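Each remark here refers to the structure printed beneath this line.
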Amino acid sequence: MTHVCADHVSGLFSKSAASYAKYRPDYPQELYESILKRGKLPARDFTVGAATGSGKAAKGVSPFAKVIALNHNSEHLKHARHLPNVTFELGAGEKTGLRNNTVEVISVAAGLHWYGTNLPQNASCVQSGGCVAAWGYDLITFSENQRPQEELHKLFTFTLWPYWHPRVDHVRQRQRG
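Add 353 to the 1-based position in the sequence shown for my numbering, that's all there is to it.
Structure representation (structure tokens):
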């Protein structure tokens, strides 16, 4: 593995790593099942989790025989849930150093904004029939009552948004299609 960690990126969210691990949502098992159905992955031997944070998605792909979960922040990795077949490593998902055609799935859970345009360059390590699976989430939607929706929108747009990294907006707009 090639470990690339820019100081300005690796230090972000270090102070809140414990809270991040505690409050970050898990993803539904159906998500992982749909990813596995899209590819032709009979072996389920090897997957890489990029931008793993504290390893929430690593748990979801743990049915693979070997999982490498990468993150650029060592504090997040200290709070990862350790599983027998998951190796957590300090590193950047766009520079894994893996040989071509060795990985069945690269997963990026709510971390695509860290990569800009670099992640597609890493796709050469994905086997034929494998996939790069990236997902995220947006604000909760209240269908019955618009008042909470309006308040949440104001909080997110005017109070919190100025603190987000600029790449988050790019990914958010692209996800909305």
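Backbone N, C-alpha and C define an ideal beta-carbon position, used for all residues, glycine too.
Quick caveat, the model's predicted, so the values are computed rather than measured.
Suppose the cutoff is 8 angstroms on Cβ atoms and the five residues either side in sequence are ignored; what does the same chain contact list for residue i look like?
| i | result |
| --- | --- |
| R397 | L389, P416, F417, A418 and E457 |
| C478 | V401, T449, L451, R452, N453, N454, T455, V456 and I459 |
In angstroms, rounded to a whole number, what distance separates the CA positions of residue i and residue j?
| i | j | result |
| --- | --- | --- |
| S367 | S407 | 11 angstroms |
| S372 | D379 | 14 angstroms |
| G450 | L492 | 35 angstroms |
| R391 | K431 | 32 angstroms |
| W501 | T455 | In the sequence under discussion, the amino acid at residue 501 is Pro, which differs from the Trp named in the question. Rounded to the nearest angstrom, the two C-alpha atoms are 47 angstroms apart. |
| T440 | T400 | 11 angstroms |
Using only alpha-carbon positions, find the residue among the options that is nearest to residue i.
| i | options | result |
| --- | --- | --- |
| L412 | L384, Y516 and N426 | In the sequence under discussion, the amino acid at residue 412 is Lys, which differs from the Leu named in the question. Nearest C-alpha to K412: L384. |
| N426 | W488, S369, P515 and Y376 | S369 |
| A404 | P515, K393 and E428 | E428 |
| Y468 | R520, E386 and S387 | R520 |
Cβ contact check for the stretch 480-488 and the stretch 460-468: 3 or more pairs under 8 angstroms | yes
Where are the alpha helix (DSSP H) runs, 4 residues long or more, that stay fully inside the stretch 434-489, in chain order?
-> 472-475
What are the complete beta strand (DSSP E) segments, minimum 3 residues, inside the stretch 366-432?
-> 399-403 and 419-424
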